[in-house]
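Let me begin by presenting the structure, written as structure tokens, before commenting on it.
In the numbering used here, the protein residues as written are 443 to 745.
And the structure:
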């Protein structure tokens, strides 16, 4: 079935409903400190001043690394400076070294995979994601990254197979390493893949199963994400009457700190469904509404 490239799946707004947390964008991961320093300055620097500052930082950290190639503070500083210079190619080498020095911290490898993906090295990115998943089969950032990559290549069946294999071995994996595979989050991601194929019935079936699992795991406050995901699919299908009570249920069960973002997402998708084109934000704006700072997860991990 044809891949709907302008759907809410592609724009990423369902991140709010699905993420235990979605992979943190590279720029947010490394240059948050630079943003804080800029905000603290009484006089905002010009673009030319910022470029010169980042270049000076890059030169300084490069000099340090010439003497101490494994200095992780310098590696991170160089990555931040390269991002500030919009030189993703220049960030690859220090990111590679940083991930090698921290094999048990997959966020660096995932950041490297994201960088390669943005640079068009899809095979290199896929290899890194798969390497992370070999060590940690339930790593959601790696799963989400690899699934998104496969979907972008119109290989949705391969994406579904990856997630189905993860679920098939989840119980065994969790026996060896408890709680290493979050089956609820993997199922939510599998539902997204079915949506990318416009197989809405299969997606809804997955979400119905996941809703039951969430309610069984925590009857007093079940995870709101599968309810919200199902509602979004129903709205996508044009069945707003069935979606509305699910939206209300998702809002009622969402923890207080997430209610505002959930409401914004619901309002936006309803406006788009009603043909109010002015309400449809661009992907970057959607990211502002749906994606918080890296230190704040979008939704709580499933129990």
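Quick reminder that beta carbons are idealized off the backbone N, C-alpha and C, glycines included.
These numbers were taken from a predicted model, which means no experiment stands behind them.
| request: Have a look at residue 498 and residue 519 and give me their C-alpha separation to the nearest angstrom. | output: To locate residue 498, count along the chain shown from 1; it is residue 56. To locate residue 519, count along the chain shown from 1; it is residue 77. Whole-angstrom Cα-Cα distance: 11 Å.
| When the Cα atoms are used, what is the spatial distance from residue 566 to residue 542? | The count along the chain shown starts at 1 and reaches residue 566 at position 124. The count along the chain shown starts at 1 and reaches residue 542 at position 100. Residue 566 and residue 542: Cα-Cα distance of roughly 15 Å.
| task | At 3 residues or longer, and completely inside the stretch 565-631: list those beta strand (DSSP E) runs for me, N to C. | result | Those beta strand (DSSP E) runs which fall completely within the stretch 565-631 and span 3+ residues do not exist here.
| query | Just how far apart, CA to CA, sit residue 657 and residue 647? | reply | As a first step, residue 657 is located in the chain shown; it is residue number 215 there, counting from the start. As a first step, residue 647 is located in the chain shown; it is residue number 205 there, counting from the start. For residue 657 and residue 647, the distance between alpha carbons rounds to 16 Å.
| query | Are there 16 or more other CB atoms within 10 angstroms of the CB of residue 517, so buried, or fewer, so exposed? | reply | Against the chain shown, residue 517 aligns to sequence position 75. By the 10 Å Cβ count, residue 517 comes out buried.
| message | Beta-carbon within less than 7 Å of residue 721's beta-carbon, same chain only, minus the 5 sequence neighbours each way: which residues are those? | response | Stepping through the chain shown from its first residue, residue 721 is reached at position 279. Legend: pLDDT at residue 721 = 49, less than 50; position of this residue unreliable, value from coordinates given subsequently. The residues are 710, 713 and 714.
| request: Give every residue of the same chain whose Cβ lies closer than 8 Å to the Cβ of residue 591, excluding the five residues on either side of it in the sequence, and list them in chain order. | output: Within the chain shown, residue 591 is the residue found at index 149, counting from 1. Only 559, 564, 567, 568 and 571 meet the Cβ criterion.
| task | Mark residue 617 as exposed unless 16 or more other C-beta atoms lie within 10 angstroms of its C-beta, in which case mark it buried. | result | Position 175 of the chain shown holds residue 617. Under this definition residue 617 is an exposed residue.
| message | In the DSSP assignment, the alpha helix (DSSP H) including residue 548 goes from what residue to what residue? | response | Numbered from its first residue, the chain shown carries residue 548 at position 106. Looking at the DSSP string, the run of the alpha helix (DSSP H) that includes residue 548 is 548-560.
| Contact check, residue 548 vs residue 574, beta carbons under 8 Å | On the chain shown, position 106 is the one that residue 548 refers to. On the chain shown, position 132 is the one that residue 574 refers to. Yes, these two residues count as a Cβ contact at 8 Å.
| Does the beta-carbon of residue 509 have 16 or more other beta-carbons within 10 angstroms, so that it is buried, or is it exposed? | Position 67 of the chain shown, counted from the start, is the residue given in the question as residue 509. It is exposed - the Cβ of residue 509 has fewer than 16 other Cβ atoms within 10 Å.
| request: Identify the continuous alpha helix (DSSP H) that holds residue 501 and give its terminal residues. | output: Locating residue 501 in the chain shown gives position 59, counting from the first residue. Looking at the DSSP string, the run of the alpha helix (DSSP H) that includes residue 501 is 489-509.
| field | Nearest-angstrom Cα separation, counted from residue 678 out to residue 637 | value | Mapped onto the chain shown, residue 637 falls at position 195. Mapped onto the chain shown, residue 678 falls at position 236. Looking at the two C-alpha atoms, the distance is approximately 10 Å.
| request: Could you tell me which of 603, 635 and 650 sits nearest to residue 593, measuring between CA atoms? | output: Along the chain shown, one-based indexing puts residue 593 at 151. For residue 593, the nearest C-alpha among the options comes from 635.
| said: So, for residue 578: in the same chain, excluding its five sequence neighbours on each side, which residues have a beta-carbon less than 8 Å away from its beta-carbon? | reply: Here residue 578 is taken as the residue at index 136 of the chain shown, counted from 1. So the qualifying residues of the chain are 548, 584 and 622.
| Under a three-way DSSP split, which group does residue 662 fall into? | Residue mapping note: residue 662 aligns to position 220 of the chain shown, counting from 1. The answer is coil: DSSP assigns residue 662 none of H, G, I, E or B.
| Sequence-distant residues of the same chain with beta carbon closer than 7 Å to residue 633, five excluded per side | The residue you call residue 633 lines up with position 191 of the chain shown. Excluding sequence neighbours, residue 633 sits near 645, 648, 649 and 671.
| query | Out of 652, 587 and 557, which has the shortest C-alpha to C-alpha gap to residue 538? | reply | Walking along the chain shown from the start, residue 538 turns up at place 96. When C-alpha distances from residue 538 are compared across 652, 587 and 557, the shortest belongs to 557.
| field | Beta-carbon gap between residue 666 and residue 685 smaller than 8 Å | value | Here the question's residue 666 lines up with position 224 in the chain shown. Here the question's residue 685 lines up with position 243 in the chain shown. For the 8 Å CB-CB criterion, residue 666 and residue 685 do not form a contact.
| Taking all protein chains shown into account, do 16 or more other C-beta atoms lie within 10 angstroms of the C-beta of residue 654, making it buried, or fewer, making it exposed? | Residue numbering aside, residue 654 sits at position 212 when the chain shown is read from its first letter. It counts as exposed.
| query | Can the beta-carbon of residue 669 be found closer than 8 Å to that of residue 692? | reply | Stepping through the chain shown from its first residue, residue 669 is reached at position 227. Stepping through the chain shown from its first residue, residue 692 is reached at position 250. It is a contact, given that the beta carbons lie within the stated cut-off.
| said: Please report the distance separating the alpha-carbon of residue 723 from that of residue 605. | reply: For the purposes of this step, residue 723 is taken as the residue at position 281 of the chain shown. For the purposes of this step, residue 605 is taken as the residue at position 163 of the chain shown. With a pLDDT of 44 at residue 723, under the threshold of 50, the predicted position of this residue should be treated as unreliable, and no value is reported.
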